[in-house]
Structures are given as C-alpha cells and as structure tokens.
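The structure appears right after this line, and notes come after that.
Number of protein chains: 2
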Amino acid sequence: MITKEQVLHALSFVEDPDFKKDLVTLNMIKDVEITPNRISFTVELTTPACPMKDHIEHACRNAIAHFVDKEIGVSINMTSRVMSKPDKQLDNIKNIILVASGKGGVGKSTVAANLALALQLKGAKTGLLDADIYGPSLPMMFGLEGARPKASKTSDGKTKIEPIEKFGIKLLSIGFFTDPNQAIPWRGPMVSAAIKQLFNDADWGDLDYLVVDLPPGTGDVHITIAQNYPVAGAVIVTTPQNVALADAQKGIAMFMMDTIDIPLLGIVENMAYFTPAELPENKYYIFGKDGGKHLAEKFNAPFLGELPLIKSISDAGDNGYPIVTDEDEPISKEFLIIAERVAQQLSLQHAN
Amino acid sequence: MITKEQVLHALSFVEDPDFKKDLVTLNMIKDVEITPNRISFTVELTTPACPMKDHIEHACRNAIAHFVDKEIGVSINMTSRVMSKPDKQLDNIKNIILVASGKGGVGKSTVAANLALALQLKGAKTGLLDADIYGPSLPMMFGLEGARPKASKTSDGKTKIEPIEKFGIKLLSIGFFTDPNQAIPWRGPMVSAAIKQLFNDADWGDLDYLVVDLPPGTGDVHITIAQNYPVAGAVIVTTPQNVALADAQKGIAMFMMDTIDIPLLGIVENMAYFTPAELPENKYYIFGKDGGKHLAEKFNAPFLGELPLIKSISDAGDNGYPIVTDEDEPISKEFLIIAERVAQQLSLQHAN
Ligand SMILES: Nc1ncnc2c1ncn2[C@@H]1O[C@H](COP(=O)(O)OP(=O)(O)OP(=O)(O)O)[C@@H](O)[C@H]1O
Ligand SMILES: Nc1ncnc2c1ncn2[C@@H]1O[C@H](COP(=O)(O)OP(=O)(O)OP(=O)(O)O)[C@@H](O)[C@H]1O
Ligand SMILES: [Mg+2]
Ligand SMILES: [Mg+2]
Numbered sequence: 000m001i002t003k004e005q006v007l008h009a010l011s012f013v014e015d016p017d018f019k020k021d022l023v024t025l026n027m028i029k030d031v032e033i034t035p036n037r038i039s040f041t042v043e044l045t046t047p048a049c050p051m052k053d054h055i056e057h058a059c060r061n062a063i064a065h066f067v068d069k070e071i072g073v074s075i076n077m078t079s080r081v082m083s084k085p086d087k088q089l090d091n092i093k094n095i096i097l098v099a100s101g102k103g104g105v106g107k108s109t110v111a112a113n114l115a116l117a118l119q120l121k122g123a124k125t126g127l128l129d130a131d132i133y134g135p136s137l138p139m140m141f142g143l144e145g146a147r148p149k150a151s152k153t154s155d156g157k158t159k160i161e162p163i164e165k166f167g168i169k170l171l172s173i174g175f176f177t178d179p180n181q182a183i184p185w186r187g188p189m190v191s192a193a194i195k196q197l198f199n200d201a202d203w204g205d206l207d208y209l210v211v212d213l214p215p216g217t218g219d220v221h222i223t224i225a226q227n228y229p230v231a232g233a234v235i236v237t238t239p240q241n242v243a244l245a246d247a248q249k250g251i252a253m254f255m256m257d258t259i260d261i262p263l264l265g266i267v268e269n270m271a272y273f274t275p276a277e278l279p280e281n282k283y284y285i286f287g288k289d290g291g292k293h294l295a296e297k298f299n300a301p302f303l304g305e306l307p308l309i310k311s312i313s314d315a316g317d318n319g320y321p322i323v324t325d326e327d328e329p330i331s332k333e334f335l336i337i338a339e340r341v342a343q344q345l346s347l348q349h350a351n
Numbered sequence: 000m001i002t003k004e005q006v007l008h009a010l011s012f013v014e015d016p017d018f019k020k021d022l023v024t025l026n027m028i029k030d031v032e033i034t035p036n037r038i039s040f041t042v043e044l045t046t047p048a049c050p051m052k053d054h055i056e057h058a059c060r061n062a063i064a065h066f067v068d069k070e071i072g073v074s075i076n077m078t079s080r081v082m083s084k085p086d087k088q089l090d091n092i093k094n095i096i097l098v099a100s101g102k103g104g105v106g107k108s109t110v111a112a113n114l115a116l117a118l119q120l121k122g123a124k125t126g127l128l129d130a131d132i133y134g135p136s137l138p139m140m141f142g143l144e145g146a147r148p149k150a151s152k153t154s155d156g157k158t159k160i161e162p163i164e165k166f167g168i169k170l171l172s173i174g175f176f177t178d179p180n181q182a183i184p185w186r187g188p189m190v191s192a193a194i195k196q197l198f199n200d201a202d203w204g205d206l207d208y209l210v211v212d213l214p215p216g217t218g219d220v221h222i223t224i225a226q227n228y229p230v231a232g233a234v235i236v237t238t239p240q241n242v243a244l245a246d247a248q249k250g251i252a253m254f255m256m257d258t259i260d261i262p263l264l265g266i267v268e269n270m271a272y273f274t275p276a277e278l279p280e281n282k283y284y285i286f287g288k289d290g291g292k293h294l295a296e297k298f299n300a301p302f303l304g305e306l307p308l309i310k311s312i313s314d315a316g317d318n319g320y321p322i323v324t325d326e327d328e329p330i331s332k333e334f335l336i337i338a339e340r341v342a343q344q345l346s347l348q349h350a351n
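Protein sequences appear in the order of chains A and B. Counting along the first sequence from 1, when you hit position 103 you're at 102 in numbering that gives the first Met the number 0, and nothing is skipped either side. Counting along the second sequence from 1, when you hit position 263 you're at 262 in numbering that gives the first Met the number 0, and nothing is skipped either side.
The structure is reproduced here in structure tokens:
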C-alpha cells in the first residue's frame, strides 16, 4: 500500500514558481488520503486568484505518476487561504489594496471596480471602498444611485454601517450618504473623518481583499489611509502620456516615502490605444505609446497589463456594471489576468 | 463739412449684438476726427477677443456710408478695454476665470492653457495660474520643467514672486517650487497657504484675464479661492460620459452655492469623439455622445465648444507648447472660438 510519505516525497518535487520552493516545504499540502486505487489531497494556495493554479495542479499529477504510481487515480482539491502579514491586518480584512495614480481620470475607479470583481470571480472574499469623497464613482458604476446602506448593531452594542452587496462583493462609498446633485465642499479634516468612518464603522466581515479606489492627488485621503491602516500594497494606474506619468510618479514617490512605505504591486497602463472596428489591425496611440511600461521599468515594478480605449468599458461604467461581469467581452479576460498578477504580487510580498 | 454729431447719429444705428444697445449709448465710440475726405474714430469693445469685432466694424462702415457720405474714407481703430466689476477686481487683475470640472483628467489643464493663450493671441493681457498642487501640469505643458521664478522687491519693500513669461503670458505653478520627482503629501491647510501665496505674493502686473487651472474635486483649493478672491466666472470642462457629467454637475453645484456664487461662463465638451486619419468621415464616440451639450442645457449655460480626441493635443501638452500656439493646426481655431465665447460671456456678466 502507498504511504503518505511516498506522496509527500513525490510532491516535494513540485515547485511553486512564485515562491521558488516546493509545495511540501511551503506547507501547502493538506489532507492526504490514500485508498487502494486513489490518492486524494488538498493544495492550499496563497490566493484563489493564483495565476499558476492550473500549472501546479498539473505538476502534482505528473509527480504522483512519475514517483508513485502511473495508474492510480488522483483527486486534487485546489483551495486557498489568502495570506496576510500579521502586522498588516485590520480586523478581519486580510489585504488592503490601494488603487491610485496622482493623475485624474486615468481609470483608477474603472480598474478598482474591475479588479475587485475579478478577485471575487476567482473565488476571493472581496470588498470595494470608494475613497473619492468629491467625485465618488462607485454608485453609478454599480447601478446603485440612491442606495442607502443600513445600520446594524453589533453584539457589543456599537452601530455599524452594512456595506451594500452587489455582484458578490461588499461596497461602500461616500456617495451612498450624499445627494448626487450637491457639491461636497469639504476641507481636509472633514474628508479625513469621513474616510475613517468608512473603514472603522463599517461591518466589512471577513475579507481576503479590500480594494480602495483613491481620488487623484496625494492629499488628505491618501495621508489618512496610509497613516491609519495597514495597507498591503498599491496598484498604480496611468495613461501613457508624459503629463500623466509625471503625476503617477509623484503618486509612487508618496508610497515610497519612509513614513508611508507601502509596497508597489505594479502598474496598469490604461487607455493605451484605440482600435476602430473597421480597422482591426490599427492601433491609434492617441495618448502616446508604452508610457506605463517605461514607468514600470523605471521603478522596477511589475507591469500588470495594458488596457486599450474601448467604448464598452466606458458604457459599462455608465450603465451600472463593471465590464468584467460580462464574460463575453474579450477585455474581461485582461482584467482577470491583472487581478491574478495583483494577487500573486501580494502573496510574494507576504512571503518575503 | 461733416459734423461729429452726424457721425454719432449714424453710429447710433449700429447695435452691439451682445449688449443689444447701440455703440453710442454704450459709450464705445471715441476720438472722432473729421477731415474733408476722411472720418476716423475708435470703437472701444469690452474685450479684444470679441467674436463680433468684424461684424461691428462692418456695420459702422455701412452706417457712415448710408447716413453720412457714401464716398468718404473711413478709418476705424478697433480697440478694447476689458471690463471688470468694480467689486470683482483683485489689484490689477480685471477678471479671474476658473477652469474646473469636479472630474479628473477631463482636460481642465489643456483647456486652461489653450484658453489663456488664445485670449493673449486675441490681444488681451493674460496670466495662467496652475492651482493643482498635487499634480501641477503647467511646467510640462509649457516646457518649463526646472524653471524657477525670480523674487523681486516692490517699491514698498515687499518681496514678490515674478511670474515666468512664455508665449506672451504670465505663468505660475506650484510645480515651479517643488521637485518633480517628489510627492506633495500635503494636508488641506498647507494647500490653502500655497494657493494664497500664488495669488497674493506674485507680481501679476496688469492683467485683463487670469485663468486659473483648478484640480479635480471641490476641496480646499476651490474653497480657498472662492472665499478669498473675486472670481469673475467659471468654465466647466467635461467629457461626455455619465460618470464625468455627475462630477461636473457637483462642480457646478459648488459654484452655484449661495456662499460661493460664481457665475457659470459655459461648458466645454472635451474628448467628444475620435476620427482616425484613414476614416475621416467616421466619428467614434468612445465616451458617449453629446454629454456636455446636455449638461449645458440642463443648467441653461452657454455651450462653449466641443473638442475631439486628437493625438496632437496630447503630444503638444507633452512637448511643452499648448496646441493653440500652432496656427496650422485645425483645432487651434476651435480654441480661439472658445476663448471669444468666454470673453463675450464675461462682458455680458459685467454689463448685467
Ligand atoms: N480603457 C478604457 N476605455 C474606455 N473608457 C475608459 C477606459 N478606462 C476608463 N474609461 C472611462 O474613462 C472615464 C474615467 O475613468 P475613471 O473614472 O475610472 O478614472 P479615475 O482615474 O477614477 O478618475 P478620477 O480621477 O476622476 O477619479 C470613465 O468614464 C471610464 O468609464
Ligand atoms: N481633446 C484631447 N485630445 C487628446 N488628448 C487630450 C485632449 N484633451 C486633453 N488631452 C490629454 O489628456 C490628458 C488629460 O488632460 P488634462 O491634464 O488637461 O486634464 P485635467 O482635467 O487637467 O486632469 P487632472 O484632473 O489630472 O488635473 C493630457 O495628457 C492631455 O494632453
Ligand atoms: Mg475615480
Ligand atoms: Mg489638470
């Protein structure tokens, strides 16, 4: 009869390509069970959005066939337990991910919304916090204009705001509490107080990832969040032109400041080019070419992906659903890949 | 011999189409001189960027020919003296024009820079103040990275910052005082103090128009300027999609607040569509259609113009010259028309 030791020995030849160690050393193999004609075990990855999931499962099957038994049945349960640095956790939120830029209108909210949903589609428990006080985009992007979160009492008697759930993720925005026809002429301290409420007074429950959509600039919202919450990392969105890169660079410089020190998870280049339906071979680089790639090189940061200008992205945002909810849209795949890369970078951060 | 009374009588039949009164009543006719074969006079308009300039000159010639003498030579000196509401003037700055939006990245800085230059090209004394502390675009857009304004002593011993002159306009930006590689993690009070310095401690000299490029949002910069300076009016820039219109509307709502009360000069729709060179008949409405027009209708505000997505606008901004400085560019004409409409709206504001 095959022993557990044989199975673990075989799996010790399977390396996690990100962590560059084998699955047994990484303590990723759980619940090994052996019957005369079947080996079952669980592989516990560090994120359900692991881009290497299929690759790892395949390698496990090969290792069993090669080192143990070619003929035996193999059942692998691919699961995940999202990691979190112990000192970097807020209540039950394992990873706070900031989506930022410095520059306005580059697609921060679009990337944040689709990233949050893509992580959820991959199986992660996800929340999205719209931290843009003056121009909250979340209510319109999720078709939640006029929605009002409920308040509930916790067991210890505190009043908590209940995030609104849509498309399987938890959502909060200052826009849920204000009149869309009114301006929010607030100075910094009011802004900071509002941001703290959205973090502290909300019942986020258990979350693997809380994606935070930041406003443009490097002001009160950014400082308040960086100083008060354990942020796991930041995704920078930029468009390719120099004026956008200059501001994105300021955004990165802020995260790299000693007093702030938030890891850079990578850079997304948005509005990279436009391709008319009638000329599918053509790419019009309206805002210039490869600016985001060059920025990633300059800061030695992962390049997470490139998104062209596509009318359906803008239309989806205007019509209450982030585009990634439509799996027939070719661009949805790109958002899923970006989400995998972000999750991967976070796992790597925690491992180091 | 023809008398001055005859000339004024003739010109009293010429109406200013904006003010709906005749030029004599409006006190626009100056320096009438009559020689046996020539009548000379000056028409003093309310702005050198008057869109009716040619029309008015033509109407004056017709009136003289019709009511005075068909054959006599007529010399008309078209000048202007920019108006300003007495209670709305800061030192020697006749009109402070804000360019704003609420939404980020819609082209505020692009419109502000080209508007300021277009007013100058029309003959007005113009300044441009970049009030975007976190993402100042002016230095790059004018090829002035690394430029440092000089300080000078005024006659009464105060130290004043000298705005930098380029393309005939006076320029100031917080970017002239900061390192482009550094973030500006400033909370609201520091931002307000910096803005006040750019207004108060700068030697702007005599200006017909000071165009102020605002950051996105409705925060400290906006409140500080609205509360401390006599603003003549605001130009709102928006792109056509709903998420941009929602924020632009918040921006407008702010200016309309009782405590702020800044006149709306009109709305510019930017990035309205894209036309590939190979398909000159096609318009791709990537961000939706006519959103800016609808916003103008909703607020009963003038629609100042529509700007398509054009690579050369973005390239010009990245390369240190606002596009309107290139008169061979077809889009430059559109910026000149927008500037005329803005100047016209200001004159109308003052007249009412
Ligand atoms: N790749 C794209 N193709 C087409 N439209 C896009 C794309 N990315 C974003 N948009 C649209 O551009 C507009 C600006 O995007 P978004 O609101 O996400 O930017 P932002 O950086 O969050 O802006 P702000 O600085 O105002 O918060 C939105 O209408 C959005 O739908
Ligand atoms: N009509 C246009 N066609 C092509 N590019 C444009 C157009 N208008 C603006 N751009 C480019 O789009 C980018 C954003 O414009 P701009 O910086 O003027 O926006 P903004 O509203 O000032 O942004 P922010 O909110 O960050 O201050 C710039 O690179 C600019 O050159
Ligand atoms: Mg946004
Ligand atoms: Mg700007």
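C-beta atoms are modelled at their ideal positions from N, C-alpha and C, and glycine is treated no differently.
query	result
Provide the residue(s) that pair with A:Leu44 in DSSP beta bridges, ordered along the chain.	A:Ser79
Rank B:Met270, B:Ala62, B:Cys49, B:Gly291 by C-alpha distance to the C-alpha of B:Ile71 and give the top, closest one.	B:Ala62
Quick one, which residues of the segment 21 to 43 of chain B are near chain A if we go by CB-CB under 8 Å, in chain order?	none
Any residues whose CB sits closer than 7 Å to a heavy atom of ligand 3? List them in chain order?	A:Lys107, A:Ser108, A:Asp131, A:Gly134, A:Ser136, A:Asp212, A:Pro214, B:Gly103
Under 7 Å between beta-carbons, which chain A residues line up against B:Ser136? List them in chain order, please.	Val242
What do you reckon, are the CB atoms on A:Ala99 and A:Pro162 nearer than 8 Å?	no
Between B:Gly316 and ligand 2, is the CB less than 7 Å from at least one heavy atom?	yes
Using a beta-carbon distance below 8 Å, is A:Leu308 in contact with chain B?	yes
Measure the alpha-carbon distance for A:Ile259 versus A:Ile96 and round it to whole angstroms.	14 Å
Between B:Ala252, B:Thr237, B:Tyr208, which has its C-alpha nearest B:His221's C-alpha?	B:Ala252
Between which two residues does the alpha helix (DSSP H) carrying B:Val190 extend?	187 to 199
Hey, is the segment 125 to 140 of chain B in contact with the segment 172 to 190 of chain B, meaning 3+ C-beta pairs nearer than 8 Å?	yes
Report yes or no: is there a C-beta of chain E within less than 8 Å of the C-beta of B:Leu170?	Protein chains in the displayed structure are A and B, and chain E is not among them.
Straight-line CA distance for A:Thr125 to A:Tyr228?	17 Å
Quick one: what does DSSP say A:Met253 is sitting in, helix, strand or coil?	helix
Give a yes or no on whether the C-beta atoms belonging to B:Ile28 and B:Phe12 are separated by under 8 Å.	no
Would you say A:Pro262 lies against chain B (beta-carbon separation less than 8 Å)?	no
Between the C-alpha atoms of A:Asp86 and A:Asp207, what's the straight-line distance to the nearest angstrom?	15 Å
Does B:Glu277 get closer than 8 Å to chain A when you measure Cβ to Cβ?	yes
Kindly list, in the order they appear in chain B, the residues whose Cβ is closer than 7 Å to that of A:Trp185.	Gly218
Which residues in chain B have a C-beta closer than 7 Å to the C-beta of A:Asp317? List them in chain order.	Gln240, Asn241, Val242, Gly287
With 8 Å as the threshold, decide whether the Cβ of B:Lys19 is near any Cβ in chain A.	no
On the DSSP letters alone, give me the boundaries of the beta strand (DSSP E) that A:Asp129 sits inside.	125 to 129
Is the CB-CB distance between A:Ile330 and A:Leu345 below 8 Å?	no
Should B:Gly232 and B:Gln348 be called a contact, given that it needs their Cβ atoms to be closer than 8 Å?	yes
Counting C-beta neighbours from all protein chains within 10 Å, is the total for B:Lys107 16 or more, i.e. buried, or is it exposed?	buried
Taking the continuous alpha helix (DSSP H) assigned at B:Ile330, which residues delimit it?	329 to 350
How close, in whole Å, do the beta carbons of B:Leu209 and B:Gln248 come, if the pair is a contact with beta carbons under 8 Å?	Not quite, the Cβ-Cβ distance comes to about 26 Å (not below 8 Å), so this is no contact.
What three-state label does DSSP hand A:Arg147 in the structure shown?	coil
Return no unless some Cβ of chain B is closer than 8 Å to the Cβ of A:Asp246.	yes
When you compare the CB of A:Ile194 with every CB in chain B, is at least one pair closer than 8 Å?	no
Can you round the beta-carbon distance between A:Asp317 and B:Asn241 to whole angstroms, since I take them to be within the 8 Å contact cut?	4 Å
Starting from A:Met384, trace the beta strand (DSSP E) in both directions and tell me its first and last residue.	It is not possible to answer for residue 384 of chain A, since the shown part of chain A is limited to 0 through 351.
State yes or no: is the C-beta of A:Ala225 nearer than 7 Å to some heavy atom of ligand 1?	no
Return yes when the C-beta of A:Asp246 is under 7 Å from any heavy atom of ligand 2, and no when it is not.	yes
Closer than 8 Å by C-beta to A:Thr223: which residues in its own chain qualify, once you throw out the five before and the five after it? Chain order, please.	Val190, Ser191, Ile194, Lys195
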